[in-house]
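*Asks:* Per my numbering, the sequence shown starts with residue 10, numbered consecutively.
Where a beta carbon is used, it is the ideal one built from N, C-alpha and C, also for glycine.
To start, I am sharing the structure in question, which I have written as structure tokens.
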Amino acid sequence: MIIKEIATWELGKVVFSRDQSTITLVTELGFHMYGLDGEQICEDELISSYEQQLHSHWVDGESLLFAVYSVANEELMVDIRKIHLTSAPLLHVVESFIVPYHHGSFHFCPVSSHAAFVSWSKVLILNVRSLEVLYQIETAKGYTSPGLFSPDGHFFACSTTGGGICIWENTSTGYVPQSNLRARLLWNKFSWSPTSNSILCWGDNGIQLLHQNSSLSITSLNYVGYPHLVAYTADQTHIATVRQFESAVTSLSLSDLTQQTVNTNIQIQDIKIIDNTIFVTNGKRLISRHLMTGEQVDSSCDTKRENKIFNVHTGRHLVLSNDCSQLAFAIKQTVFLYDIKAQKVLGDLVTDGHVSHIHFSSDGSQLWCIVQDVFDIETFKCYHAQLEREKDPCFVNVTMENLEGEWSLDSLFRSPHECKIVGKESEWVSDPRGNILWLPPNWRTGQGWFARWDGKILTLLDGHHQKPIIIEFQL
């Protein structure tokens with residue numbers, strides 16, 4: 010419901026009084042105060058010359074205060090100006106102080122009367138009344154503006170290159186490092202929550218809330234590597250994960266978060282868990298290890314056909330069936346089905362393009378192959394085949410479909426009764442009732458290439474993320 014529309018000649022920030030009886034539009038040069046009936050109460054200039062800059066504003070009781078500063082002769086002059094409706098004059102300077110100028114952006118905290126200067130390699134915090142230096146650090150970390158004091162003056166936060174946020178705590182002996190936060194989405198602005206417990210970040214990719222107690226080590230968001238591989242136990246109590254073509258598998262208990270790392274000494278291209286056994290393959294060997302102890306369960310098997318070892322270079326073209334009885338992989342335009350127990354190739358399926366994805370049905374009786382056109386990388390086809398190991402060829406009832414429009418892997422592999430990623434751009438997770446979760450841009454993978462469902466758990470495996478993103482749906 011719109012109570013009143015107010016036409017203004019300049020954009021700015023809106024500030025409510027403590028009792029919410031007035032609305033003030035603060036612009037770069039002045040302010041415009043209105044009552045809730047939309048009638049203007051007063052307006053005035055805050056900046057009298059171009060040398061001055063409006064730094065911050067805050068509410069104190071029934072008054073509105075502003076910090077205005079200017080630089081001259083290597084000194085920083087800061088005026089605290091106050092608006093009070095019952096005072097005369099309406100706008101007046103209540104306090105001024107001079108601070109030796111330091112290189113970098115200036116930040117002021119009215120609660121503690123502390124000021125901070127932030128440059129690329131330096132953060133300096135001082136008391137503006139005593140000019141005592143409370144904290145300073147010089148590193149090659151790459152600090153960037155903005156820097157913000159928390160509303161209660163208890164913390165100071167500063168952004169770093171790559172999307173990190175460093176937080177220092179204001180203690181009786183000075184400022185001390187408190188935590189490093191890392192956002193999953195790229196952002197360009199942040200602000201403190203009113204309670205000073207959390208930080209809100211936002212940008213083109215979305216909005217995210219970071220809690221101070223969830224501190225993470227600073228790592229680069231620009232990291233690009235091979236996608237993650239992940240497998241769950243049937244009861245979804247344990248997970249095993251490894252980055253594609255790496256050799257160390259991490260198994261994690263989802264109940265108590267205990268974990269163990271097992272080195273397999275092969276470049277892993279697919280991974281599965283059956284009961285308490287982890288199966289991994291590099292296309293030439295299949296290795297099984299115990300989920301909890303990491304000990305080898307069975308001797309490794311080799312993938313052979315007519316005494317020839319197949320050399321598979323592209324991991325996303327190689328998958329294990331859910332019961333680890335079969336292995337499907339592609340060499341160029343041909344898909345092979347391999348029987349792990351018998352250690353032999355059962356048959357092959359020749360396609361007319363580059364195989365980019367292979368998928369077994371849950372019972373291992375069907376196989377889907379996504380094939381990319383040789384001459385048009387935007388054109389895909391889907392081959393669907395029934396699998397009968399006792400027959401030669403083992404690929405039977407093969408059909409081919411041209412994939413057009415807003416298709417995704419989930420639209421081909423998931424049933425209508427399940428949650429699925431929809432659309433070519435993978436923007437949404439949907440269920441039969443409609444869209445239920447919007448995926449931020451850097452969580453999306455075109456057509457859902459690097460997404461893995463296991464029951465109601467969705468894991469995003471794109472190589473741009475240091476770790477898999479795991480989402481559990483409660484439907």
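Work out the CA separation of Ser374 and Glu427 for me, nearest whole Å.
*Replies:* 20 Å
*Asks:* Looking at Lys400 and Gly362, is the spacing between their C-beta atoms short of 8 Å?
*Replies:* no
*Asks:* Would you report the Cα separation of Phe254 and Ser439, rounded to the nearest angstrom?
*Replies:* 32 Å
*Asks:* Less than 8 Å between the C-beta atoms of Ile367 and Val344, yes or no?
*Replies:* In contact: Ile367 and Val344 (Cβ atoms closer than 8 Å).
*Asks:* By how many angstroms is the C-alpha of Met86 removed from the C-alpha of Ser6?
*Replies:* Because the chain in this structure spans residues 10 to 484, residue 6 falls outside the shown range and cannot be described.
*Asks:* At which residue ranges does the region 104–159 contain complete beta strand (DSSP E) runs of 3 or more residues, listed in the order of the chain?
*Replies:* 114–118, 123–127, 131–136, 142–147, 152–158
*Asks:* Evaluate the contact criterion for the region 89–103 versus the region 63–76: three or more CB pairs, one atom per stretch, below 8 Å.
*Replies:* yes
*Asks:* With H, G and I counted as helix, E and B as strand and the rest as coil, what does DSSP make of Val450?
*Replies:* Per the sequence presented here, residue 450 reads as Pro, with Val not at that position. Pro450: helix per DSSP, three-state reduction.
*Asks:* Helix, strand or coil for Gly39, going by three-state DSSP, please let me know.
*Replies:* strand
*Asks:* Figure out for me which residue from Leu266, Trp196, Val289, Gly151 has the closest Cα to the Cα of Asn272.
*Replies:* For the residues Leu266, Trp196, Val289, Gly151, the minimum Cα distance to Asn272 belongs to Val289.
*Asks:* Identify whether Gln420 lies in helix, strand or coil by the three-state DSSP scheme.
*Replies:* Correcting the residue identity first, residue 420 is Ser in this sequence and not Gln. Helix.
*Asks:* Under the three-state reduction of DSSP, which class applies to Gly362: helix, strand or coil?
*Replies:* If DSSP states are grouped into helix, strand and coil, Gly362 belongs with coil.
*Asks:* Between which two residues does the beta strand (DSSP E) carrying Thr286 extend?
*Replies:* 286–290
*Asks:* So what's Asp47 in DSSP terms, helix, strand or just coil?
*Replies:* The identity of residue 47 in the sequence shown is Gly, whereas the question assumes Asp. If DSSP states are grouped into helix, strand and coil, Gly47 belongs with coil.
*Asks:* Give every residue of the same chain whose Cβ lies closer than 7 Å to the Cβ of Arg461, excluding the five residues on either side of it in the sequence, and list them in chain order.
*Replies:* Val239, Thr468, Leu470
*Asks:* Decide if Asp244 is buried, meaning its Cβ has at least 16 other Cβ atoms within 10 Å, or exposed.
*Replies:* exposed
*Asks:* Since Phe389 is in the beta strand (DSSP E), which residue starts that stretch and which ends it?
*Replies:* Counting along the chain, the unbroken beta strand (DSSP E) around Phe389 starts and ends at 389–396.
*Asks:* Got a sec? Which residues, its chain only, sit under 7 Å from Glu397 by beta carbon, not counting five neighbours each side?
*Replies:* Cys403, Val405
*Asks:* With DSSP as the reference, identify every bridge partner of Val368, one or two as the case may be.
*Replies:* Reading off the sequence, residue 368 comes out as His, not Val. BP columns for His368 point to Trp377.
*Asks:* Between which residues of its own chain and Asp385 is the CB-CB distance below 8 Å, once the five residues before and five after are set aside?
*Replies:* none
*Asks:* Could you name the residues of the same chain whose beta carbon sits closer than 8 Å to that of Thr246, not counting the 5 residues immediately before and after it, in chain order?
*Replies:* Ser262, Leu263, Ser264
*Asks:* Please tell me whether His116 and Gly156 are closer than 8 Å, where the distance is taken between their beta carbons.
*Replies:* yes
*Asks:* Could you check whether Gly172 and Trp485 sit closer than 8 Å to each other, using their CB atoms as the reference points?
*Replies:* Lying outside 10 to 484, the shown extent of the chain, residue 485 is not represented and no answer is given.
*Asks:* Can you list, in chain order, the residues of its chain with a C-beta nearer than 6 Å to that of Thr388? Leave out the 5 residues immediately preceding and following it.
*Replies:* Asp382
*Asks:* Excluding the five sequence neighbours on either side, which residues of its own chain have a C-beta within less than 6 Å of the C-beta of Gly215, listed in chain order?
*Replies:* Closer than 6 Å at the Cβ level, and outside the excluded window around Gly215, lie Leu194, Pro449.
*Asks:* Measuring straight from C-alpha to C-alpha, what distance separates Leu225 and Ser130?
*Replies:* Any reading at Leu225 is ruled out, since the residue's pLDDT is 42, under 50, leaving its predicted position unreliable.
*Asks:* According to DSSP, is Gln305 helix, strand or coil?
*Replies:* Correct three-state label for Gln305: strand.
*Asks:* Under the rule that 16 or more other beta-carbon atoms within 10 Å means buried, what is Pro107, buried or exposed?
*Replies:* In the sequence on display, residue 107 carries Ile and not Pro. So Ile107 ends up on the exposed side.
*Asks:* Give every residue of the same chain whose Cβ lies closer than 6 Å to the Cβ of Ile146, excluding the five residues on either side of it in the sequence, and list them in chain order.
*Replies:* Val132
*Asks:* Is Ala460 a contact residue of the ligand GTP, with contact defined as CB to any heavy atom under 7 Å?
*Replies:* The ligand GTP is not part of this structure, which contains no ligands at all.
*Asks:* Which of helix, strand or coil does DSSP assign to Gln278?
*Replies:* coil
*Asks:* Let's see if you can read the secondary structure: which residues bound the beta strand (DSSP E) around Trp201?
*Replies:* Segment 198–201, the beta strand (DSSP E) holding Trp201.
*Asks:* Using CA coordinates, which residue listed in Ser122, Val185, Ser114, Cys118 is at the minimum distance from Ser154?
*Replies:* Ser114
*Asks:* Assign Gln221 to one of three DSSP states: helix, strand, or coil.
*Replies:* coil
*Asks:* Rounded to whole angstroms, what's the CA-CA distance from Leu421 to Gly464? Just pull it up for me.
*Replies:* 16 Å
*Asks:* By a C-beta neighbour count over all protein chains shown, 10 Å radius and 16 as the cutoff for buried, is Gly70 buried or exposed?
*Replies:* exposed
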